[in-house]
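In this note's numbering, the protein residues as written are 1 to 343.
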């Protein structure tokens with residue numbers, strides 16, 4: 001199988017001040033960038049079962065990429081004409097290729113219990129910073145990682161109880177970090193090294209007909225092992241990755257009767273996570289409760305739902321822009337009526 005992706009961005013910004021007395025020159029500030037990228041990939045996978053219950057998997061993916069950047073920064077003065085104001089680049093090319101293997105094994109020791117493990121190499125193509133004003137930070141190196149996972153999946157009591165457990169870890173070289181300048185507008189990318197590890201546990205049960213109970217817990221430690229911001233010189237070694245909560249959990253109950261009644265309540269918890277590489281802007285742990293009740297029939301259903309039942313206040317996005325901290329809050333309590341029809 002062959003994949004081909006092609007994308008083109010054309011950016012143009014103009015700024016014409018209305019009042020020259022503020023200190024801005026009259027004219028047009030212009031940045032034009034054209035970025036072309038081609039990616040090709042071929043991949044295949046083989047599964048072998050040498051023994052009953054034992055399956056060995058080997059896969060291989062070959063990927064190649066090429067991108068080209070043309071960039072110009074200028075100021076069009078009504079008197080002096082066009083004046084260069086930054087980097088001007090013609091036909092800057094980055095390219096590369098890579099082999100990405102994957103190996104996995106799963107062994108079912110009984111019809112109800114299966115152990116598994118996998119190791120795989122991951123990859124994200126390099127790119128170029130067309131928002132930078134320094135040639136030293138123009139090229140972004142490809143991101144490479146090795147990921148590992150071990151786990152067990154099991155069913156008990158005639159499939160009325162399911163329990164799954166997994167541990168995972170990965171090492172990422174040249175992790176691509178998305179940055180913004182102090183205004184919050186210019187997006188730049190830098191490289192760092194990252195390690196992640198964690199565990200996940202899932203449990204679901206059907207104690208009686210129509211009743212489902214489910215729970216889950218996950219813990220993740222994702223942090224920089226080597227990373228210095230090339231634009232500011234700040235050292236972030238040991239800091240947590242952004243938007244990577246330390247833990248998550250969920251607990252829920254759902255009931256569906258033969259007569260058509262439906263009810264469900266969910267508790268979703270999220271641990272501390274950070275919005276910036278400096279780990280200065282953060283969201284403390286919080287939990288949300290969602291509920292839904294309704295009536296169902298063969299061809300559809302009608303439901304009344306409430307999300308964030310207790311109006312928990314939490315932040316979804318935060319960043320530094322215009323030299324100050326800005327944030328967006330999550331939705332407060334919302335409720336509504338939903339109708340579902342099957343055709």
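Just so you know, even glycine gets a beta-carbon here, dropped at the ideal spot from N, CA and C.
Going by beta-carbon coordinates alone, are residue i and residue j separated by less than 8 Å?
i	j	result
residue 294	residue 341	no
residue 142	residue 123	yes
residue 245	residue 190	no
residue 188	residue 129	yes
residue 241	residue 194	yes
residue 210	residue 256	yes
residue 309	residue 333	yes
residue 92	residue 104	no
residue 68	residue 32	no
residue 328	residue 317	yes
residue 243	residue 273	yes
Indicate the three-state DSSP secondary structure (helix, strand or coil) for residue i in the structure shown.
i	result
residue 336	strand
residue 272	coil
residue 244	coil
residue 104	strand
residue 132	coil
residue 40	strand
residue 28	strand
residue 21	Caution applies to residue 21, whose pLDDT of 34 falls short of 50 and renders its modelled position unreliable; the value that the coordinates give is listed next. Correct three-state label for residue 21: helix.
residue 285	coil
residue 208	coil
residue 203	strand
residue 311	coil
residue 316	strand
residue 217	strand
residue 325	strand
residue 59	strand
residue 230	coil
residue 110	strand
residue 92	strand
residue 280	coil
residue 77	strand
residue 54	strand
residue 257	coil
List the whole-angstrom C-beta distance separating residue i from residue j, where the pair is believed to meet the contact cut-off of C-beta under 8 Å.
i	j	result
residue 65	residue 125	4 Å
residue 237	residue 220	No, residue 237 and residue 220 are not in contact; Cβ-Cβ is about 19 Å, not under 8 Å.
residue 213	residue 222	Between residue 222 and residue 213 the Cβ distance is about 30 Å, and since that is not below 8 Å, they are no contact.
residue 163	residue 154	5 Å
residue 121	residue 114	Not confirmed; about 24 Å, so no contact.
residue 70	residue 34	5 Å
residue 106	residue 140	Not really, about 37 Å apart at Cβ, beyond 8 Å.
residue 253	residue 291	Residue 253 to residue 291, Cβ: 10 Å. No contact.
Can you list, in chain order, the residues of its chain with a C-beta nearer than 7 Å to that of residue i? Leave out the 5 residues immediately preceding and following it.
i	result
residue 260	295, 296 and 297
residue 54	107
residue 336	305
residue 83	74, 75 and 77
residue 192	175, 177, 224, 226 and 227
Quick one: residues in its chain with C-beta nearer than 8 Å to the C-beta of residue i, no 5 flanking neighbours on either side, listed in chain order?
i	result
residue 278	234, 236 and 239
residue 271	245, 246, 247, 248 and 285
residue 287	267, 268, 269, 270 and 312
residue 97	62, 63, 64 and 65
residue 331	307 and 308
residue 137	129, 188, 190, 230 and 231
Near residue i, which residues of its chain fall below 6 Å by C-beta distance, leaving aside the five closest residues on each side in sequence?
i	result
residue 62	42 and 99
residue 145	122, 170 and 172
residue 160	206
residue 339	302
residue 346	Nothing can be reported for residue 346, as the shown portion of the chain is limited to 1 through 343.
residue 345	This structure cannot settle anything about residue 345, because the visible part of the chain is limited to 1 through 343.
residue 152	115 and 165
residue 72	32 and 88
residue 148	119 and 169
residue 58	46 and 103
residue 150	117 and 167
residue 48	56
residue 197	169 and 221
residue 95	66
residue 127	140
residue 262	256, 294 and 296
Mind pulling the beta strand (DSSP E) runs of 3 or more residues that sit fully within the segment 115–198? 143–156 and 161–180
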